[in-house]
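Novice:
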Amino acid sequence: MTNQPTQQWGSRLGVILAVAGSAVGLGNFLRFPGNAAENGGGAFMIPYFLALVFLGIPIGWAEWAMGRYGGRKGFQSAPAILGVWCKGAWGRYAGVFGVLIPLGVYFYYVLIESWCLYYFWEYCTGGIGLDPTSNIDAQVKATRGFFSEVTGDAAHGALFTNGIHPMLLAFATTVAVNIWFVYRGLSKGIETVCKYAMPVMAVLGIVILVRVLTLGEPEGTTGQSVSDGLGYLWNPNFDKLWDFKTWLAAAGQIFFSLSVGFGVIINYASYLKKKDDVVLSGLTASATNEFFEVVLGGLITVTASVVFVGIAVTAMGTGGSMSLGFKTLPMVFAKMPAGNLFGAAFFLILVLAAITSSLSMLQPTKAFFEEALGVGKKVSTSMVTMWGLAGNAFVLWHSKGLTALDTIDFWVGSFFILVVAAVQIIAFGWIFGVERGIAEAHAGAHLRIPRFFQFVIKYVAPAYLIVIIVGFTVRNAPAYVDTLLGNVMTTVAPDMPTEKQIAADFASHDNPGSTLTYAWKQVDGVQVQLDDAKAKKPAFPYKEPPDAKNFKVKFELTVSEGTRSGSYPVEVECDVESPGNARLTWYFLILTIGGLVVITALGAKRWRAQGRDLDGLHPAKD
Amino acid sequence: MLATLNALGWTFMLVSCIGVTWLTYWCFKKVLTQPDEPDLPSGLGP
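Same order as they appear, the protein sequences are chains W and C. Going left to right, the first sequence walks through residues 1 to 622 as the working numbering numbers them. Going left to right, the second sequence walks through residues 623 to 668 as the working numbering numbers them.
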């Protein structure tokens, strides 16, 4: 049995672009600007860059070095490699999450990819049918209606009723492309795609960026200029630095954007040779991701959105990637000269960003099947295709309210990533030993890791990560756990017309230093208890009764600023069916985890029978 | 009210964008101009 990997990268640039391609995704263009705008604008960049230096880059270096070292022992999957670095079975089974994450995220990510493809196709063939002369409320309704139709979020199986929705063709195309390139292998498949897709994305992004920055103040729009758009995103609000949420958001953005702890870098790096550089390659991949995120993501989307649809509508879209990309920007393209062309170019960027990421999600799972079960690439590709399709079908069918997608995204695509990263940095800094680990990283390196990173990797990054895990869990997990237990949390917020009315009534609404106060009072519906009746967007819990159906609750919102005040009616729907959907999703995830654990156990048995050093008791041979 | 990009906003935007662009350029330049497999000794940096 040879310890040489069966596949290798074609070139150093190829692997860098493959890792960068895995990292650059929808979050760079859509999530980052929303996060920055909401959390202090320019001031957000302080915790953001601190997280990059003290968390993202060092953990990335550790993951690159761990992967290459595992590859020298003939292992390519996270369970096997973490078993070696953690010197025992616990690391191997923690490594199961390093396969679950890319596979689980693929379950829904490929759907989002197919939405992008569908939007791209629509813009190529005349747009999504928005009337730019209609009022903004009508446009908001139209974009939301289109998004709802594409995602089928109105009801389970919505895409399969009334015939086959064309979106399913986009889905089938996306899956076929992914499977084909993964089947072709590392060099001919993933590397080739990334070597073309990344430069194309950069060029298209720069073209759109130049167009956005030269928009000026287009006639017939909101009267807001490019400078207003940039000011909305970049003017610093230093008060936000005292809010823990800002630091959490910055670290989260860096973390999830760089794809560290995802199970991908460790797999990709395992195909490197002993003297292939990991320090410069890791830094280059991170820097590339930052270029796409800060320069292209930070200057294009929100700026264009403010110019064409105003701050109130833009602010509604910055809460999440989906809203800004699929609901707000189509209104921008409808008003922009040559909007269909720019819409097509923008969604092409998203398609390319998504495909370079989704390819990276399949490869770790395929490699895991091959080395744990000893199967060839045809069988492993078939297995990953079938498992992936089962997950896709689950999310595609359970589309109501996108609960299944959201549940997997939170637990697999967010929480477990932090856990895997923690295991990795502890294994690197404490079990393997930080000096030995950095020496391993330096083999073949064109760049030396500065000495102070020894301290960062051993103490700062783990401590930083623990704070992030605790903060993330305390802030976000209770709502998801509550949902699983049948307690529904419903957020109460004004709808778009009401939001606009408030903005018009209170001129300072757009000011980050606004002193608006809010008071909520329930006026109709099943009696509920708001968690904070003076919050801008309070929430109320509701215990899921048997056979409950969704219901509506009416509130009166009183907004005040100094001596001025106004009252507004607000109606929200309580989705009491979501706990059932979330639980069903968890059953599916448990089945997936169980399957991966069994395969890991079979793999361990197989590696032991082959006399492989699966517990990392001996140094890797050159 | 709307806030046009102010001096601090300009500063944060330019420093951030120029910083990551320069870092990306520097990294790629180094990657593309280095030989494939150097034989540097392993160990901590200075």
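Every residue gets a Cβ at the ideal spot worked out from N, C-alpha and C, and that includes glycine.
(1) Assess, as a yes-or-no matter, whether the region 122-133 of chain W is touched by the region 403-413 of chain W under the definition of 3 or more beta carbon pairs within less than 8 Å.
(2) For C:W632, name the three-state secondary structure that DSSP assigns.
(3) Just reading off the beta strand (DSSP E) that W:N487 is part of, what are its end residues?
(4) Using a Cβ-Cβ cut-off of less than 7 Å, give me the residues of the region 265-293 of chain W that come near chain C, in sequence order.
(5) Leaving aside the five residues before and after W:S565 along the sequence, list all residues of the same chain whose C-beta is less than 7 Å from its C-beta, in chain order.
(6) Do we get a CB-CB distance below 9 Å when we pair W:S259 with the residues of chain C?
(7) Would you kindly report the start and end of the unbroken alpha helix (DSSP H) that includes W:D406?
(8) Beta strand (DSSP E) containing W:T558: first to last residue?
(9) So what does DSSP say about W:R448, is it helix, strand or coil?
(10) Taking only the alpha-carbon atoms, compute the straight-line gap between W:H509 and W:Q253 and give it to the nearest angstrom.
(11) Going by C-alpha distance, which of W:T314, W:V150 and W:A43 is nearest W:N639?
(12) Using the Cα positions of W:F472 and W:E293, report the straight-line distance between them to the nearest angstrom.
(13) Which residues of chain C have a Cβ atom closer than 7 Å to the Cβ of W:M45, listed in chain order?
(14) Measure from the C-beta of W:L13 to each C-beta in chain C and report whether the shortest distance is under 9 Å.
(15) Apply the 10 Å Cβ neighbour rule to W:R451 and answer buried if 16 or more other Cβ atoms are within range, or exposed otherwise.
(16) Quick one: which chain C residues come within Cβ less than 9 Å of W:H398?
(17) Does C:V642 come out as helix, strand or coil in the three-state DSSP assignment?
(18) Within this structure, are the beta carbons of W:L614 and W:R68 separated by less than 9 Å?
(19) Give me the residue from W:P494, W:T592, W:L602 and W:V210 with the minimum Cα distance to W:I300.
(20) By Cβ distance, which residues of its chain are closer than 6 Å to W:F171, with the 5 residues on each side in sequence left out?
(21) Using the beta-carbon count (16 or more within 10 Å), is W:V526 buried or exposed?
(22) By the criterion of Cβ-Cβ separation under 9 Å, what are the contact partners of W:D629 in chain C?
(23) By Cβ distance below 6 Å, which residues in the same chain neighbour W:S567 in space, the five residues on each side in sequence not counted?
(24) Should W:V395 and W:M383 be called a contact, given that it needs their Cβ atoms to be closer than 9 Å?
(25) DSSP three-state label for W:K73, please.
(26) Whole-angstrom Cβ separation of W:C86 and W:V351, contact assumed at under 8 Å?
(27) Please name the residue, chosen from W:R583, W:H618 and W:S414, that lies closest to W:I101 on a Cα-to-Cα basis.
(28) Rounded to the nearest angstrom, how far is the Cβ of W:W9 from that of W:Y183, given a contact under 8 Å?
(29) Excluding sequence positions up to five away, which residues of its chain have a Cβ less than 6 Å from the Cβ of W:T385?
(30) Beta carbons nearer than 7 Å to chain C: which residues of the region 79-107 of chain W have them?
(31) Among W:T490, W:K537, W:I590 and W:A533, which residue has its Cα nearest to the Cα of W:F551?
(32) Could you list which residues in chain C have their beta carbon closer than 8 Å to that of W:I16, in chain order?
(33) Name the chain C residues that come within less than 7 Å of W:P236, Cβ to Cβ?
Specialist: In terms of the structure at hand:
(1) With fewer than three CB-CB distances shorter than 8 Å, the region 403-413 of chain W does not count as touching the region 122-133 of chain W.
(2) It is helical.
(3) N487 to T491 is the extent of the beta strand (DSSP E) around W:N487.
(4) Look at the region 265-293 of chain W: the residues with a C-beta under 7 Å from a C-beta of chain C are K275, L280, L283, T284, A287, T288, E290 and F291.
(5) T558 and V559.
(6) Closer than 9 Å: no.
(7) In this chain, the alpha helix (DSSP H) harbouring W:D406 covers T403 to F410.
(8) Per DSSP, the continuous beta strand (DSSP E) segment holding W:T558 begins and ends at F551 to E561.
(9) If DSSP states are grouped into helix, strand and coil, W:R448 belongs with coil.
(10) With a pLDDT of only 48 at W:H509, under the threshold of 50, the placement of this residue in the model should not be trusted, and no figure is reported.
(11) In the structure displayed, chain W extends from 1 to 622; residue 639 of chain W sits before or after that span and is not available.
(12) Cα to Cα, W:F472 sits roughly 22 Å from W:E293.
(13) Chain-ordered, the chain C residues with CB closer than 7 Å to the CB of W:M45 read F634 and S638.
(14) Cβ-Cβ to chain C under 9 Å: yes for W:L13.
(15) The residue is exposed, with fewer than 16 neighbouring Cβ atoms inside 10 Å.
(16) The premise fails here: W:H398 is roughly 39 Å from chain C at the closest Cβ pair, so nothing lies under 9 Å.
(17) Reduced to three states, the DSSP call for C:V642 is helix.
(18) Not a contact, by the Cβ cut-off of 9 Å.
(19) Checking every option, the nearest Cα to that of W:I300 belongs to W:V210.
(20) These residues qualify, in order along the chain: S114.
(21) By the neighbour-count criterion, in which 16 or more other beta carbons inside 10 Å mark a residue as buried, W:V526 falls on the exposed side.
(22) There is simply no residue 629 of chain W to check, as chain W begins at 1 and stops at 622 in what is shown.
(23) Correct list, in chain order: E556 and T558.
(24) Contact flag unset, no.
(25) The answer is coil: DSSP assigns W:K73 none of H, G, I, E or B.
(26) Between W:V351 and W:C86 the Cβ distance is about 38 Å, and since that is not below 8 Å, they are no contact.
(27) Taking only the C-alpha atoms, the option nearest W:I101 is W:S414.
(28) Actually they do not touch by this definition, with Cβ atoms about 17 Å apart.
(29) Cβ neighbours of W:T385 beyond the five flanking positions: I179.
(30) The residues in question: there are none.
(31) When only C-alpha atoms are compared, the closest one is W:T490.
(32) V653, listed in chain order.
(33) Within chain C, the residues near W:P236 are L630, G631 and F634.
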